[in-house]
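Have a look at the structure below before the remarks.
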């Protein structure tokens, strides 16, 4: 079983990303693409699997793939890593891989603007700023309106410091755990415009 780097040990109720990196030996590109489509289909049938994105790049002269699989919990991800289906498929791919099957895992909220490929540079700061603004602005407009009636129920809640704390806490939690992860996935092709990015459907079995 490939080694899993799990420094944060995310909890069972937190969405996690499994990042898999493969350097493909010269001459195996087509065979690897077919294998990739097959393992995406198999992984998509697992309970807790939320989707996969693939970034194609280069490492030296070899094709380099970064696959980002998302799961609803650590248990779901670990179940896939330890499954007989994955072990069999990884064994099939072994002759095609220059550096073996490299895996790591991190909580999804730590993966906002992380480059998907080793050779990639972070998205331009102005793009990060635009995405962040699109997420933060609606929150700053709507959250105070939502809290307003509740804050008026008690003098303590209507205190400026308390009210500001509650509103800010709501915005931060919503952005970090609810809104930013899917928004970042939505904008990934734009953020990573210099990379060949693709979202693979688990039902696909042939290259587009």
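Residue numbers (the working numbering): -16 to 191. Backbone N, C-alpha and C define an ideal beta-carbon position, used for all residues, glycine too.
Just measuring C-alpha positions, the residue of 146, 46 and 64 sitting nearest residue 54 is 64. Between the segment 20 to 36 and the segment 81 to 90, the count of Cβ pairs shorter than 8 Å is below three; the stretches do not touch. Between residue 81 and residue 35, the alpha-carbon positions lie close to 22 Å from each other.
Residue burial is scored here from C-beta neighbours: residue 22 has at least 16 other C-beta atoms within 10 angstroms and is therefore classed as buried. Between residue 60 and residue 159, the gap from beta carbon to beta carbon reaches 8 Å or more.
By the criterion of a C-beta distance shorter than 7 Å, residue 139 is surrounded in its chain by 145, once the five residues flanking it on both sides are discounted.
Listed in chain order, the non-local C-beta contacts of residue 174 below 8 Å within the same chain comprise 96, 106, 110, 111, 114 and 167, local neighbours out to five positions each way being set aside. Runs of the beta strand (DSSP E) lying entirely within the segment 10 to 91 and spanning at least 3 residues, in chain order: 32 to 42, 45 to 54 and 85 to 90. Closest by C-alpha distance to residue 7, out of 37, 41 and 27, is 41. Secondary structure at residue 110: helix, using DSSP grouped into helix, strand and coil.
Here DSSP, grouped into helix, strand and coil, assigns residue 5 to strand. Each residue's CA atom was taken as its position, placing residue 12 and residue 132 some 60 Å apart. A residue is called buried once 16 or more other Cβ atoms fall within 10 Å of its Cβ, and residue 129, having fewer, is exposed. Under DSSP, residue 171 shares a beta bridge with no residue. The C-beta separation of residue 49 from residue 2 comes to about 7 Å, placing the pair in contact by the 8 Å criterion. Residues 122 and 126 of the same chain have their beta carbon placed closer than 6 Å to that of residue 154, with the five preceding and five following residues left out of the count. Ranked by how close their Cα comes to the Cα of residue 69, the residues 147, 161, 18 and 171 have 18 in first place. Residue 79 is a Cβ neighbour of residue 14, given a cutoff of 8 Å. Taking all protein chains in view, the Cβ of residue 52 is crowded by 16 or more other Cβ atoms within 10 Å, so the residue is classified as buried. Taking C-beta separations shorter than 8 Å and ignoring five residues to either side along the sequence, the partners of residue 85 in its chain run -15, 3, 4 and 5, following chain order. Ranked by Cα distance from residue 151, the first of 108, 77, 170 and 120 is 120.
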